[in-house]
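If you're matching positions, the sequence shown starts at 37 in the working numbering and goes up one per residue.
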Amino acid sequence: METGLRSTQTRETRRRIILFPLPFQGHINPMLQLANILHTQGFKITIIHTEYNAPTHSNYPHFTFNSISDRFHEIEHQLPTIPAPDPGHFLNYLNRSCVDPFTDCLTGLLAESNKGSIACLITDAGFYFTQAVADTLKLPRMVLRTGSLSCTTAYGVLPIFSKSKNSCFNLTTEDLDYEATVPEYPLLKVKDVMKMTINPKSYGDFLTNMLKQMKSSSGIIWNTFKELEQPALKTICRDFPCPSFTIGPLNKYFSSSSSSLIEQDKTILTWLDTQAPKSVIYVSFGSAAQITKSEFQEVAHGLVNIGLPFLWVVRPRVVRGSEWLESLPERFQKEVGDRGHIVKWCPQQDVLAHPATGCFWTHNGWNSTLESICEGVPMVCSPCFTDQPINARYVSDVWKIGVLLEDGFERKGIQMALRRVMMDKEGEEMRERISCLKKKVNLSLKKGGSSHQSLKSLIDYISLL
Ligand code: UDP
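Written out as structure tokens, the structure reads:
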């Protein structure tokens with residue numbers, strides 16, 4: 037997309053920005069999109085990345101890459117074996133294992149560059165350890181926060197992470213009222229928060245460090261747009277001393293296809309071409325969430341019973357303990373025929389933009405949520421962990437552009453939710469609301485729009501660092 041902003045830097049005066057993404061799909065995509073945007077604004081780009089989930093260098097011949105050792109292989113085998121998600125464990129590990137290699141790499145890059153030629157470092161907000169490194173090396177550090185503004189404000193007050201004494205979360209699991217609202221953040225129910233992690237201690241430590249070092253940074257770049265999250269933006273501007281730049285949705289500038297870690301099956305677009313407008317249910321639970329065998333089977337039954345065409349992304353090992361489709365119900369393929377297609381990974385943005393796509397059954401990762409909004413596709417929400425339950429509440433209860441599966445994966449509930457979005461008047465109203473948001477996205481990116489203005493301010497700001 038044309039940003040409409042003109043670079044003031046000449047070939048000789050171009051300064052360099054060093055970026056450091058967290059090595060997960062939902063973090064790599066927006067960071068590389070940001071890198072491309074900054075490149076179009078005249079900056080030279082260096083990416084420091086971990087060996088784990090390294091981006092494909094050949095897709096970015098205009099960038100310089102530096103790989104660092106992360107020792108992630110020492111714990112990688114735990115990813116599928118941990119029975120429930122403990123994201124803090126992996127994130128805190130990376131924040132320890134990368135300290136020395138990252139410091140050495142950055143020190144080397146600074147040593148071989150001319151004074152002042154590196155404008156700043158931009159790291160994922162989740163790499164909280166980098167603030168101390170940047171301070172020591174006297175390099176300004178900005179952060180890219182790949183999650184929503186609203187979820188960041190929620191993290192700041194949720195008692196499960198802030199060790200508050202009178203918190204309802206201090207009860208034993210049997211005594212918890214899962215349907216009760218959380219007093220500190222009434223939009224959320226206790227069950228939403230319980231879903232975020234099985235280990236509030238490790239995740240709470242991660243979030244506390246992340247928020248603290250975001251506040252110490254030179255500025256925060258948000259993958260969102262002002263019109264979507266105005267109240268949360270107000271809170272952030274009040275509570276965070278550094279400037280905030282809401283320049284998103286980043287996927288509107290550059291597609292995430294070139295940073296995909298898994299090969300995207302593009303053949304599916306030909307099948308979509310044969311389907312009626314808004315008739316297909318697109319199902320995907322992103323790059324990290326896992327479901328159990330019985331949940332997988334409920335999804336399959338729900339899709340059989342609804343009787344509508346569907347495209348289902350079943351990522352290898354998304355089902356705990358299975359390699360791929362082993363647990364599909366016996367008669368599934370026969371009952372579904374050509375009405376349904378299963379692929380390992382797809383070009384999601386193209387699928388959402390396709391006229392045949394009528395609804396997105398999603399885990400509500402922030403990128404997926406934004407991509408759905410950008411294409412005006414209403415959602416059915418099955419959040420699994422981390423920020424997903426918060427995003428799902430906003431989708432269903434605040435923006436009212438989707439239906440949340442309150443009782444998890446259960447075939448009757450699934451069928452009802454899909455019916456509400458695909459066939460009922462209620463679904464039409466959701467489509468109208470999300471189409472309205474889609475228009476707001478497009479306006480915000482046009483000259484004079486909020487994201488366009490914010491990007492201009494960001495470029496001016498970095499130029500003065
Ligand atoms: N994605 C994709 N193909 C797929 C499913 C997802 O390219 O079949 C992309 C999607 O477009 C998004 C990212 O993977 O940019 C997933 O990020 P998100 O924040 O939604 O979820 P996460 O994977 O981090 O849980």
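All C-beta atoms, glycine included, are put in the ideal place defined by N, C-alpha and C. The structure presented is a predicted model; accordingly, all values stated were derived computationally and were not measured.
Worksheet item: Is the beta carbon of W402 within less than 7 Å of some heavy atom of ligand 1?
Response: Mapped onto the sequence shown, residue 402 falls at position 366. The answer is yes for W402.
Worksheet item: Does the stretch 369–385 come close enough to the stretch 236–256 that 3 or more CB-CB pairs lie under 8 Å?
Response: Taking one beta carbon from each stretch, the stretch 236–256 and the stretch 369–385 have fewer than 3 pairs nearer than 8 Å; the two do not touch.
Worksheet item: Is the number of C-beta pairs between the stretch 396–416 and the stretch 212–224 that are closer than 8 Å three or more?
Response: They do not touch, by the three-pair rule.
Worksheet entry | M232 versus S480, P419, C472, K461, residue with shortest Cα-Cα distance | Walking along the sequence shown from the start, residue 232 turns up at place 196. The residue from S480, P419, C472, K461 with its alpha-carbon nearest to that of M232 is P419.
Discussion item. Do F101 and I73 count as a contact pair if the criterion is CB distance below 8 Å?
Written reply: The sequence position of residue 73 within the sequence shown is 37, counting from 1. The sequence position of residue 101 within the sequence shown is 65, counting from 1. Taking 8 Å as the Cβ cut-off, I73 and F101 do not qualify as a contacting pair.
Fill in: Exposure of G144, with buried meaning 16 or more beta-carbon neighbours within 10 Å
On the sequence shown, residue 144 is found 108 positions in, with the first residue counted as 1. The residue in question, G144, is exposed, as its Cβ has fewer than 16 Cβ neighbours within 10 Å.
Practice prompt. Report all residues from its chain with a CB closer than 6 Å to the CB of Y88; omit the five preceding and five following residues, and keep chain order.
Written response: Taking the first residue of the sequence shown as position 1, residue 88 is located at position 52. Result list for Y88: P59, D106, F108, in chain order.
Discussion item. Any heavy atom of ligand 1 closer than 7 Å to the beta-carbon of H399?
Written reply: Here residue 399 is taken as the residue at index 363 of the sequence shown, counted from 1. Yes.
Worksheet item: Who are the Cβ neighbours of M415 in its own chain at under 6 Å, not counting the five residues just before and after it?
Response: Stepping through the sequence shown from its first residue, residue 415 is reached at position 379. Excluding the 5 residues flanking it on each side, M415 has same chain C-beta neighbours closer than 6 Å at F396, T398, S408, V431, G438, in chain order.
Practice prompt. Report yes if the CB atom of I304 is closer than 8 Å to the CB atom of L491, and no otherwise.
Written response: Taking the first residue of the sequence shown as 1, we reach residue 304 at position 268. Taking the first residue of the sequence shown as 1, we reach residue 491 at position 455. No, the Cβ-Cβ distance between I304 and L491 is not below 8 Å.
Fill in: Completely contained alpha helix (DSSP H) runs for the stretch 421–480, where each covers 4 or more residues
The qualifying runs are 424–429, 447–458.
Worksheet item: Can L347 and V372 be called in contact, C-beta distance under 8 Å?
Response: To locate residue 347, count along the sequence shown from 1; it is residue 311. To locate residue 372, count along the sequence shown from 1; it is residue 336. Taking 8 Å as the Cβ cut-off, L347 and V372 do not qualify as a contacting pair.
Discussion item. Please return the same chain residues whose Cβ sits closer than 7 Å to the Cβ of R456, not counting the five positions on each side in sequence.
Written reply: Position 420 of the sequence shown, counting from 1, holds the residue named residue 456. Cβ neighbours of R456 beyond the five flanking positions: V439, E462, G463.
Worksheet item: Can you tell me whether DSSP reads V387 as helix, strand or coil?
Response: Along the sequence shown, one-based indexing puts residue 387 at 351. Reduced to three states, the DSSP call for V387 is helix.
Worksheet item: If you count every other CB in all the chains shown that lies within 10 Å of the CB of M459, and 16 or more means buried, which is it?
Response: Taking the first residue of the sequence shown as 1, we reach residue 459 at position 423. Exposed, because fewer than 16 other Cβ atoms sit within 10 Å of the Cβ of M459.
Worksheet item: Would the C-beta of W435 count as close to ligand 1, meaning under 7 Å from any of its heavy atoms?
Response: Position 399 of the sequence shown, counted from the first residue, corresponds to residue 435. Relative to the non-hydrogen atoms of ligand 1, the Cβ of W435 never comes closer than 7 Å to any of them.
Worksheet item: DSSP on Y164, reduced to helix/strand/coil?
Response: Taking the first residue of the sequence shown as position 1, residue 164 is located at position 128. Look at Y164 here: in three-state DSSP terms it is coil, with no helix or strand label.
Worksheet item: What is the residue span of the alpha helix (DSSP H) that Y318 lies within?
Response: Residue 318 sits at position 282 when you count from the first residue of the sequence shown. Element bounds for Y318: not the alpha helix (DSSP H) but the beta strand (DSSP E), 316–320.
Worksheet item: Taking one C-beta from the stretch 269–287 and one from the stretch 179–188 each time, how about it: are there three or more such pairs within less than 8 Å?
Response: Yes, they touch.
Worksheet item: Roughly how many whole angstroms lie between the Cα atoms of T244 and S295?
Response: Mapped onto the sequence shown, residue 244 falls at position 208. Mapped onto the sequence shown, residue 295 falls at position 259. Approximately 29 Å between the Cα atoms of the pair.
Practice prompt. Compute the Euclidean distance between the alpha carbons of V354 and I327, then round it to the nearest angstrom.
Written response: Taking the sequence shown and counting its residues from 1, the one referred to as residue 354 is at position 318. Taking the sequence shown and counting its residues from 1, the one referred to as residue 327 is at position 291. C-alpha of V354 to C-alpha of I327: approximately 6 Å in a straight line.
Practice prompt. Taking 8 Å as the cut-off, decide whether the C-beta atoms of K482 and E263 are in contact.
Written response: Your numbering for residue 482 matches position 446 in the sequence shown. Your numbering for residue 263 matches position 227 in the sequence shown. Cβ distance not < 8 Å, so K482 and E263 don't count as in contact.
Discussion item. Taking a contact to mean a Cβ-Cβ separation below 8 Å, would you say I342 touches V413 in this structure?
Written reply: As a working note, residue 342 is residue 306 in the sequence shown. As a working note, residue 413 is residue 377 in the sequence shown. The Cβ atoms of I342 and V413 do not sit closer than 8 Å to each other.
Discussion item. Closer than 7 Å to a non-hydrogen atom of ligand 1 - does that hold for the CB of P383?
Written reply: Taking the first residue of the sequence shown as position 1, residue 383 is located at position 347. Relative to the non-hydrogen atoms of ligand 1, the Cβ of P383 comes within a distance shorter than 7 Å of at least one.
Discussion item. My output table needs one value for G144: the three-state DSSP class, helix, strand or coil.
Written reply: Start at 1 with the first residue of the sequence shown, and residue 144 comes out as number 108. Reduced to three states, the DSSP call for G144 is helix.
Worksheet item: Do we get a CB-CB distance below 8 Å when we pair R429 with the residues of chain C?
Response: The displayed structure is made up of one protein chain only, and chain C is not part of it.
Worksheet item: So which of E334, D423, I498 has the shortest CA-CA distance to Q451?
Response: The count along the sequence shown starts at 1 and reaches residue 451 at position 415. Checked all of E334, D423, I498; the closest Cα to Q451 is E334.
Worksheet item: Would you say the beta carbon of F126 comes nearer than 7 Å to a heavy atom of ligand 1?
Response: Here the question's residue 126 lines up with position 90 in the sequence shown. Distances taken from the Cβ of F126 to the heavy atoms of ligand 1 include none shorter than 7 Å.
Discussion item. Is E407 a contact residue of ligand 1, with contact defined as CB to any heavy atom under 7 Å?
Written reply: Here residue 407 refers to the residue found at position 371 of the sequence shown. Yes; taking the cut-off as 7 Å, the Cβ of E407 has a heavy atom of ligand 1 nearer than that.
Fill in: Enclosing beta strand (DSSP E) for T405 [first to last residue]
The residue labelled residue 405 in the question sits at position 369 within the sequence shown. Careful: T405 lies outside any beta strand (DSSP E), inside the alpha helix (DSSP H) at 402–411.
Worksheet item: Expressed to the nearest angstrom, what Euclidean distance is found between the alpha-carbon atoms of A71 and L146?
Response: As a working note, residue 71 is residue 35 in the sequence shown. As a working note, residue 146 is residue 110 in the sequence shown. Roughly 19 Å separates the two Cα atoms.
Discussion item. Pull the bridge partners of F56 from the DSSP assignment, please.
Written reply: Numbered from its first residue, the sequence shown carries residue 56 at position 20. DSSP, once it has assigned bridges, lists T159 as partnering F56.
Worksheet item: Going by DSSP, which residues form a beta bridge with V226?
Response: Within the sequence shown, residue 226 is the residue found at index 190, counting from 1. DSSP output for V226 lists no bridge partner at all.
Discussion item. With the cut-off set at 8 Å, would you say F321 and V340 are in Cβ contact?
Written reply: Position 285 of the sequence shown, counted from the start, is the residue given in the question as residue 321. Position 304 of the sequence shown, counted from the start, is the residue given in the question as residue 340. No, the pair does not count as a contact, with Cβ atoms beyond the cut-off.
Worksheet entry | Near ligand 1: A336 beta-carbon under 7 Å from a heavy atom | Residue numbering aside, residue 336 sits at position 300 when the sequence shown is read from its first letter. Checking the Cβ of A336 against ligand 1 gives no.
Item to complete: May I ask you to report which of helix, strand or coil DSSP gives C187?
Response: Locating residue 187 in the sequence shown gives position 151, where the first residue counts as 1. In the three-state scheme derived from DSSP, where H, G and I count as helix and E and B as strand, C187 is classed as helix.
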